[in-house]
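Numbering (the working numbering), first residue to last: -13 to 519.
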């Protein structure tokens, strides 16, 4: 290669993405589309991370997530690669968005249709109709500031937080989700109906920043969707996009260490002892695991290690998957079942570390939208119960899990699904211990760092490590946070940083290496890079 070749051809850096969750896949797709040589390293036998899939007795069970919102951010990933999401997977609209049920018999079809929503509110509490209109206006303002303008923007400097602070104060982001909802609505059931959304990203409505009320407007703006073939069909579509753009995925490959020298990433060391050099590493692994395990032999990023060790983590989940020999046609695709307690139950989960006798549940019925996910005449389900993470509650889930599953089945049979138990033909569970062991999630947290104000934006793990050059983060633990829109936007922010960093250092670093090897004259390099050299 001649000196001229060095500057006439683009530099194809090697980038490793640890983990194939939605954040990792979207980051890989963006980087592969930008010409990077991308390798995804996945420790399991299938892609998806938390969006894994189980195939059991003819049923297809998405491990999660199951609520697909803001499809525009996914469409943008494909558009950035010159492709269309619709050419890869069919997105089915879900109506109603959710059905909310209380033990006193009240049901509320949470709809994207404003007229239908107002009609239902009026039946429950006429005085809250005007309050809801004001709440909707408030959430639109929060959405514009918190999502449209900031979700994809990395917060790397403290001044970047100061710049948006006045806007956050005006929106009362320092208040909790529940406090802001209660400012507009008075009926207790309506307060629950419009505040539960923060739980979808791991936040306690009584502690999560009011910025997360934007989820309400986001769902009303774009709706809720479900991919034909299940959430994993969307995962497979992203894998196909990555591979079409030249990326690759190595399955069943455990990363032992991110090797660092002179505060710069060198590559990955695998569990089998193999080392592979990379110019940059994007970690979609759990942020605590990355800092305390994968970087355990480096002295860099001490402050970040201290932070992730002492941060507050979201609750965990107990998930029961089951298939039945009959259908339950009266069910909606998404059902939220509120128990008798709301604030008190959340206190048990997030603070007291108590596995309560009661619970509130989310019931996912995917075969309502896509019957092909179960054998003919059958139906598949996924029900989850928020529970304390392992750092708060010392529970032997291998022993407690089956008993807890029986309680949930009894509850569903009593309140929603008569004849359920005798119709179950297959089931499996996934508990906090599984989150910790199979996903390497710190304390079994289901959503990484808890979304409180002092763990948001600049105060969350940065998309680019401030001390280790070439190390980046994507996914629930970094900005903007959990949930599909959150991790997909984190991929946009992180990929943008990688691209920008390449522009600044690629040619200079390679020129220096060529000079040291004698394959490039210093005089020519000095003419090309007079300031850098």
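Backbone N, C-alpha and C define an ideal beta-carbon position, used for all residues, glycine too.
Would you identify the three-state DSSP class for residue i, choosing helix, strand or coil?
{"i": "residue 211", "result": "strand"}
{"i": "residue 245", "result": "strand"}
{"i": "residue 157", "result": "coil"}
{"i": "residue 0", "result": "strand"}
{"i": "residue 446", "result": "coil"}
{"i": "residue 123", "result": "helix"}
{"i": "residue 298", "result": "coil"}
{"i": "residue 129", "result": "helix"}
{"i": "residue 389", "result": "helix"}
{"i": "residue 415", "result": "strand"}
{"i": "residue 362", "result": "coil"}
{"i": "residue 432", "result": "coil"}
{"i": "residue 263", "result": "strand"}
{"i": "residue 168", "result": "helix"}
{"i": "residue 372", "result": "strand"}
Excluding the five sequence neighbours on either side, which residues of its own chain have a C-beta within less than 6 Å of the C-beta of residue i, listed in chain order?
{"i": "residue 23", "result": "-2 and 0"}
{"i": "residue 481", "result": "13, 16 and 17"}
{"i": "residue 184", "result": "163, 191, 194 and 198"}
{"i": "residue 5", "result": "35, 270 and 271"}
{"i": "residue 493", "result": "Caution applies to residue 493, whose pLDDT of 47 falls short of 50 and renders its modelled position unreliable; the value that the coordinates give is listed next. Closer than 6 Å at the Cβ level, and outside the excluded window around residue 493, lies no residue."}
{"i": "residue 349", "result": "321 and 369"}
{"i": "residue 513", "result": "At residue 513 the pLDDT is 49, less than 50, meaning the model places this residue with poor confidence; the figure from the coordinates comes in the next sentence. If we look at residue 513 and ignore the five residues flanking it on each side, it has no Cβ neighbours."}
Taking the straight line between their C-alpha atoms, what separation do you get for residue i and residue j?
{"i": "residue 64", "j": "residue 318", "result": "30 Å"}
{"i": "residue 373", "j": "residue 164", "result": "19 Å"}
{"i": "residue 154", "j": "residue 409", "result": "50 Å"}
{"i": "residue 524", "j": "residue 109", "result": "Outside the displayed range of the chain (-13 to 519) lies residue 524, so it cannot be described from this structure."}
{"i": "residue 297", "j": "residue 487", "result": "29 Å"}
{"i": "residue 342", "j": "residue 187", "result": "21 Å"}
{"i": "residue 80", "j": "residue 460", "result": "28 Å"}
{"i": "residue 204", "j": "residue 423", "result": "33 Å"}
{"i": "residue 308", "j": "residue 360", "result": "11 Å"}
{"i": "residue 254", "j": "residue 43", "result": "38 Å"}
{"i": "residue 212", "j": "residue 248", "result": "46 Å"}
{"i": "residue 466", "j": "residue 442", "result": "7 Å"}
{"i": "residue 474", "j": "residue 455", "result": "23 Å"}
{"i": "residue 85", "j": "residue 259", "result": "51 Å"}
{"i": "residue 472", "j": "residue 390", "result": "31 Å"}
{"i": "residue 420", "j": "residue 224", "result": "25 Å"}
Report the option in the options whose CA atom is closest to the CA atom of residue i.
{"i": "residue 312", "options": "338, 271, 357 and 261", "result": "357"}
{"i": "residue 195", "options": "272, 207, 206 and 182", "result": "182"}
{"i": "residue 31", "options": "236, 79 and 134", "result": "236"}
{"i": "residue 277", "options": "295, 266 and 263", "result": "295"}
{"i": "residue 452", "options": "58, 434, 250 and 72", "result": "250"}
{"i": "residue 321", "options": "339, 255, 266 and 403", "result": "403"}
{"i": "residue 244", "options": "261, 233 and 107", "result": "261"}
{"i": "residue 426", "options": "266, 241, 187 and 360", "result": "241"}
{"i": "residue 458", "options": "430, 188 and 477", "result": "477"}
{"i": "residue 246", "options": "266, 239, 259 and 232", "result": "266"}
{"i": "residue 45", "options": "73, 210, 389 and 216", "result": "216"}
{"i": "residue 393", "options": "380, 381, 370 and 412", "result": "370"}
{"i": "residue 156", "options": "128, 25, 405 and 118", "result": "128"}
{"i": "residue 335", "options": "90, 379, 479 and 471", "result": "379"}
Does at least one heavy atom of the ligand SAH sit under 6 Å from the Cβ of residue i?
{"i": "residue 463", "result": "For the ligand SAH, the structure offers nothing, since it holds no ligand at all."}
Output needed for residue i: all residues of its chain with C-beta closer than 7 Å, excluding positions within five of it in sequence on either side, in chain order.
{"i": "residue 239", "result": "27, 28, 29 and 256"}
>> Quick check for students: name the residue ranges of the beta strand (DSSP E) that lie wholly in the stretch 11 to 83, counting only runs of 3 or more.
In response: 23 to 27, 39 to 42, 45 to 48 and 77 to 79
>> My parser needs the alpha helix (DSSP H) runs of 4 or more residues fully inside the stretch 309 to 354; what are they?
In response: 329 to 333
> In the stretch 177 to 238, which residue ranges form an unbroken beta strand (DSSP E) of at least 3 residues, counting only runs that do not cross its ends?
Replying inline: 210 to 213 and 234 to 236
>> Just to confirm the assignment: which complete alpha helix (DSSP H) runs, minimum length 4, are found wholly within the stretch 81 to 115?
In response: 100 to 110
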